[in-house]
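For the sequence shown, this note's numbering gives the first residue as 2, with consecutive numbering after it.
Below is one structure; the comments refer to it alone.
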Amino acid sequence: MQAIKLLYEGKAKKIFETQDSQLRIMEFKDDATAFNGQKKGSIHDKGKINNRVSAALFELLESSGVKTHFVKILNDRNMLVRAVEIIPLEVIVRNIVAGSMAKRFGIEEGKRLHEPVLEFSYKNDELGDPMMNRYHALALGLATREEIDYIEKTSLKVNEILRDFFASKDILLVDFKLEYGRFGDEILLADEISPDTCRFWDAKTMKKLDKDRFRRDLGDIEQAYLEILERISK
Ligand code: UDP
2 MQAIKLLYEG KAKKIFETQD SQLRIMEFKD DATAFNGQKK GSIHDKGKIN NRVSAALFEL
62 LESSGVKTHF VKILNDRNML VRAVEIIPLE VIVRNIVAGS MAKRFGIEEG KRLHEPVLEF
122 SYKNDELGDP MMNRYHALAL GLATREEIDY IEKTSLKVNE ILRDFFASKD ILLVDFKLEY
182 GRFGDEILLA DEISPDTCRF WDAKTMKKLD KDRFRRDLGD IEQAYLEILE RISK
């Protein structure tokens, strides 16, 4: 399968059309941004690592019955995916308080939640992805009630699968972001699942093994991303 035309270039990925209108190629870049694009940089080999981490996690989810856009890995930085129409909602699931939730509610990072929290935000860079609830999403016609029900149910299932998987690798799954897309009559889990879009903490040392190392200038960024790839590959 070959890339024919660049369809979209985002902060961390490029999407290409292929000869098959149902399939696209997703290329993972080394570019990193944070704080809605205000902080820019590059993480050596991040694209290659995120390609492999995302592929492994999509395969794990598919094997547990979650439908995803993932088809197969093509090479170092590229994976073949189904051509979905992205629903403009970011779904965040949290198990431990961190990041914007800590800030918003004035709670210390690290507090374990009694049950998972699911948040939506409106996928809009100009507005800085504002938080929204399911009523906003429905009333604005971003998705139907059935789609939102499916997205909520699937995201909580994804959380259970990933939380257990990472626990078996001595990693705490603190929180993560998912995106979904329409593919014919189906809704598929899309985008990526990687240290760019999840918070991972080492369960023993609590060392951060994710993009917070870039956001907060903690150093050892590539090593942290590689650590995730190595642990999940065992
Ligand atoms: N996240 C993401 N893309 C975004 C916003 C958040 O991948 O545009 C991920 C982020 O990496 C973290 C989780 O979603 O794993 C929760 O992020 P949070 O709301 O705490 O925002 P942040 O602190 O990243 O601004």
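The beta carbon of each residue, even a glycine, is placed where N, CA and C say it ideally should be.
Report the partner residues of residue i according to the DSSP bridge assignment.
i, result
"Ile108", "The partner list for Ile108 (beta bridge, DSSP) is empty, contrary to what the question assumes."
"Ser122", "Glu91 and Met132"
"Asn1", "The question about residue 1 has no answer, for the chain in this structure spans 2 to 235."
"Arg53", "Paired residues: none, contrary to the question."
"Glu35", "Note that residue 35 is Ala in the sequence shown here, rather than Glu. In the DSSP output, where bridge partners are listed per residue, Ala35 has Lys40."
"Glu18", "Lys6 and Arg25"
"Thr198", "Thr198 pairs with nothing; no bridge assigned."
"Gly182", "Ile87 and Leu189"
"Leu174", "Phe201"
Is it buried or exposed, residue i, if we count other Cβ atoms within 10 angstroms and call 16 or more buried?
i, result
"Ser122", "buried"
"Arg25", "buried"
"Asp126", "exposed"
"Lys47", "buried"
"Lys14", "buried"
"Thr145", "exposed"
"Ala140", "exposed"
"Ala168", "exposed"
"Ile229", "buried"
"His45", "exposed"
"Phe29", "buried"
"Asp192", "buried"
"Asp77", "exposed"
Is the closest heavy atom of the ligand UDP to the C-beta of residue i under 7 Å?
i, result
"Asp197", "yes"
"Ala4", "no"
"Phe177", "yes"
"Lys208", "no"
"Met27", "no"
"Gly100", "yes"
"Asp130", "yes"
"Arg200", "yes"
"Lys212", "yes"
Is the Cβ-Cβ distance between residue i and residue j less than 8 Å?
i, j, result
"Lys212", "Trp202", "no"
"Asp176", "Gly100", "yes"
"Ala56", "Met27", "no"
"Leu62", "Leu189", "no"
"Gly42", "Lys12", "no"
"Ala35", "Arg214", "no"
"Glu147", "Ile88", "no"
"Val54", "Ser195", "yes"
"Glu91", "Lys124", "yes"
"Arg95", "Met102", "yes"
Cα-Cα, which of the options is closest to residue i?
i, options, result
"Ile97", "Leu174, Asp46 and Arg83", "Leu174"
"Glu120", "Ala144, Leu143, Ile93 and Pro131", "Ile93"
"Leu227", "Asn76, Gly38, Tyr136 and Asn52", "Asn52"
"Lys205", "Cys199, Lys235, Asp171 and Ile194", "Asp171"
"Ser22", "Ile194, Lys30, Asn134 and Met2", "Met2"
"Ser65", "Lys154, Ser195 and Lys158", "Lys158"
"Glu116", "Asn160, Val67 and Arg83", "Asn160"
"Gln20", "Val82, Lys30, Lys68 and Phe71", "Val82"
"Thr155", "His137, Tyr136, Val72 and Gly182", "Gly182"
"Ser58", "Leu75, Cys199 and Phe106", "Note on identity: in this sequence residue 58 is Leu, with Ser being the wrong assignment. Checking every option, the nearest Cα to that of Leu58 belongs to Cys199."
Given 7 Å as the limit, tell me if residue i has its C-beta closer than that to any heavy atom belonging to the ligand ZN.
i, result
"Glu91", "Because the ligand ZN does not appear in the structure shown, any question about it cannot be addressed here, the ligands present being the ligand UDP."
Under 8 Å between C-beta atoms, does residue i make it to chain B?
i, result
"Lys40", "Here there is only one protein chain, and chain B is not present."
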